[in-house]
Amino acid sequence: MKINPLVSVIIPTYNRAGLISRAIESVLAQTYSNFEIIVVDNASRDNTAEVVSLIADARLKFIRHDVNQGPAASRNTGLRNACGDYITFLDSDDEWLSQKLASQLDVFKEEEDGIGLVFTNGFNESINTMAITTPVSSGIYYDWRVDKFYPLAKLITPPSGWMLPQAVVKEIGYFDEAMITWDDGDYLARVAYKFPLYFLNQDLVIWHTCGEHLNVMNQDLINGKELFLKKNYNFLKMDKEYLFRFFRALGKDAIEIDKAKARKYLLAAFLMRPSELSILGKMLRTLGGR
421 MKINPLVSVI
431 IPTYNRAGLI
441 SRAIESVLAQ
451 TYSNFEIIVV
461 DNASRDNTAE
471 VVSLIADARL
481 KFIRHDVNQG
491 PAASRNTGLR
501 NACGDYITFL
511 DSDDEWLSQK
521 LASQLDVFKE
531 EEDGIGLVFT
541 NGFNESINTM
551 AITTPVSSGI
561 YYDWRVDKFY
571 PLAKLITPPS
581 GWMLPQAVVK
591 EIGYFDEAMI
601 TWDDGDYLAR
611 VAYKFPLYFL
621 NQDLVIWHTC
631 GEHLNVMNQD
641 LINGKELFLK
651 KNYNFLKMDK
661 EYLFRFFRAL
671 GKDAIEIDKA
681 KARKYLLAAF
691 LMRPSELSIL
701 GKMLRTLGGR
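Residue numbers (the working numbering): 421 to 710.
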């Protein structure tokens, strides 16, 4: 590992003028200081650009999309402009604790097993507790060479908790811009198909509650899950327990959005596990509609 590597911090944002300063200041407060911050404004209609311009730090770059291109495109713009040896992401409504970068870099320094991504624990405001409460030690969470479960099945946290080497990004490529939702889960899975994932069980991130983080079910979320399923089915089917739960959750999510799709996925779950009679009750809720 290079001494004093450069870390690229990519902050995608949209209409977050009232929150973006908190995110940036949490990066500037890091104990590890060799970083660049790339704020990618996805055509905000508020004064986000003005707020960012008031923060005087040579490590801060600001890029603005002329039109809104979706969350995956913002992360990709950041990746294309990143010069760092390591890549991190910070959603503009979240914040880091001061040891976040240093602690993740220590993992890469100490591990020699070609770690593809280190993700951390932290406080999840929406559930008023740690994001991961399972009592588990820091270490390799998933290794495609030995583990049989699907990589998203257990401990995963959102992108504000990630760090990965630039070399891994070059091999994996960019986020799928066709996915309005679940683009982060898709990216993490693609990393896991080729590289081990390391869980750092330390409180290093605060995931704040914001409107678009409230998991309000809508067509974009359904479409994102469907595209994720289509792209990753050959891997998903190797973990029948996770595939069953994915079908059941997707069917349940779609009940109020698209009853035909809800029936399709609930039936798929029921066929995998006919003993789960509760699924029949959910299927009854889909009758008489499209």
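Glycine residues also receive a C-beta, built at the ideal position from the N, C-alpha and C atoms. Note that the structure is a prediction, hence the values are computed from the model and not measured.
Exposed or buried, residue i, counting other C-beta atoms within 10 Å across all chains shown (16 or more means buried)?
{"i": "Ser-698", "result": "exposed"}
{"i": "Leu-537", "result": "buried"}
{"i": "Val-556", "result": "exposed"}
{"i": "Asp-606", "result": "buried"}
{"i": "Asn-424", "result": "exposed"}
{"i": "Arg-436", "result": "buried"}
{"i": "Arg-495", "result": "buried"}
{"i": "Val-625", "result": "buried"}
{"i": "Ile-535", "result": "buried"}
{"i": "Asp-603", "result": "buried"}
{"i": "Asn-544", "result": "buried"}
{"i": "Gly-559", "result": "exposed"}
{"i": "Gly-593", "result": "exposed"}
{"i": "Thr-554", "result": "exposed"}
{"i": "Leu-704", "result": "exposed"}
{"i": "Asn-654", "result": "exposed"}
Looking at C-alpha atoms only, which residue of the options is the closest neighbour of residue i?
{"i": "Val-429", "options": "Tyr-653, Trp-516, Lys-651, Gln-489", "result": "Trp-516"}
{"i": "Ser-512", "options": "Thr-433, Tyr-653, Leu-448", "result": "Thr-433"}
{"i": "Gly-542", "options": "Lys-529, Gly-534, Ser-580", "result": "Ser-580"}
{"i": "Lys-568", "options": "Ser-453, Tyr-613, Val-427, Tyr-607", "result": "Tyr-613"}
{"i": "Val-589", "options": "Ala-609, Lys-574, Lys-702", "result": "Ala-609"}
{"i": "Asn-621", "options": "Val-447, Gln-524, Leu-663, Gln-450", "result": "Gln-524"}
{"i": "Lys-529", "options": "Met-583, Ala-492, Gly-498, Glu-661", "result": "Met-583"}
{"i": "Lys-660", "options": "Lys-651, Gly-671, Leu-691", "result": "Leu-691"}
{"i": "Leu-575", "options": "Lys-645, Phe-619, Thr-497, Tyr-594", "result": "Phe-619"}
{"i": "Asn-548", "options": "Val-611, Trp-627, Thr-508, Arg-565", "result": "Trp-627"}
{"i": "Ile-440", "options": "Asn-467, Lys-651, Gln-450, Tyr-452", "result": "Asn-467"}
{"i": "Glu-445", "options": "Ala-463, Ala-476, Arg-465", "result": "Ala-476"}
{"i": "Glu-591", "options": "Asp-486, Arg-465, Phe-615", "result": "Phe-615"}
{"i": "Leu-510", "options": "Ile-552, Lys-650, Val-566, Thr-577", "result": "Thr-577"}
If you follow the alpha helix (DSSP H) that residue i is part of, which residue opens it and which one closes it?
{"i": "Asp-486", "result": "First-last for Asp-486: undefined, no H or E at that position."}
{"i": "Gly-671", "result": "660-674"}
{"i": "Gly-701", "result": "698-704"}
{"i": "Val-527", "result": "520-530"}
{"i": "Phe-543", "result": "First-last for Phe-543: 537-544, but that is the beta strand (DSSP E), not the alpha helix (DSSP H)."}
{"i": "Ala-689", "result": "679-692"}
Tell me which same chain residues have a C-beta within less than 6 Å of the C-beta of residue i, skipping the five on either side of it?
{"i": "Leu-707", "result": "none"}
{"i": "Leu-687", "result": "none"}
{"i": "Leu-647", "result": "Met-599"}
{"i": "Leu-641", "result": "Thr-601"}
{"i": "Gly-438", "result": "none"}
{"i": "Arg-668", "result": "Ala-689"}
{"i": "Arg-442", "result": "Glu-515"}
{"i": "Val-447", "result": "Val-429, Ile-457"}
{"i": "Lys-520", "result": "Leu-624"}
{"i": "Asn-488", "result": "Asn-462, Ala-463"}
{"i": "Tyr-562", "result": "Pro-571, Ala-612, Leu-617"}
{"i": "Arg-693", "result": "Phe-664"}
To which residues of the same chain is residue i closer than 7 Å at the C-beta, ignoring the five residues directly before and after it?
{"i": "Lys-422", "result": "Asp-505"}
{"i": "Arg-479", "result": "Phe-455, Glu-456, Ile-457"}
{"i": "Ala-674", "result": "Ile-642, Lys-681, Ala-682, Tyr-685"}
{"i": "Gly-498", "result": "Ile-430, Pro-432, Ile-458, Val-460"}
{"i": "Gly-671", "result": "Ala-682, Tyr-685, Leu-686, Ala-689, Lys-702"}
Suppose the cutoff is 8 Å on Cβ atoms and the five residues either side in sequence are ignored; what does the same chain contact list for residue i look like?
{"i": "Leu-426", "result": "Asn-454, Phe-455, Glu-456, Cys-503, Gly-504, Asp-505, Tyr-506"}
{"i": "Ala-469", "result": "Asp-461, Phe-482, Arg-484"}
{"i": "Tyr-662", "result": "Phe-569, Tyr-570, Leu-572, Ala-573, Leu-656"}
{"i": "Gly-644", "result": "Met-599, Ile-600, Thr-601, Trp-602, Asp-603"}
Starting from residue i, trace the beta strand (DSSP E) in both directions and tell me its first and last residue.
{"i": "Thr-427", "result": "In the sequence as displayed, the identity of residue 427 is Val instead of Thr. Residues 427-433."}
{"i": "Ile-560", "result": "559-562"}
Within the segment 571-653, ranges of the beta strand (DSSP E) (whole runs, at least 3 residues): 582-585, 617-627
Minimum length 4: unbroken alpha helix (DSSP H) runs contained in the segment 435-512: 440-448, 468-473, 491-500
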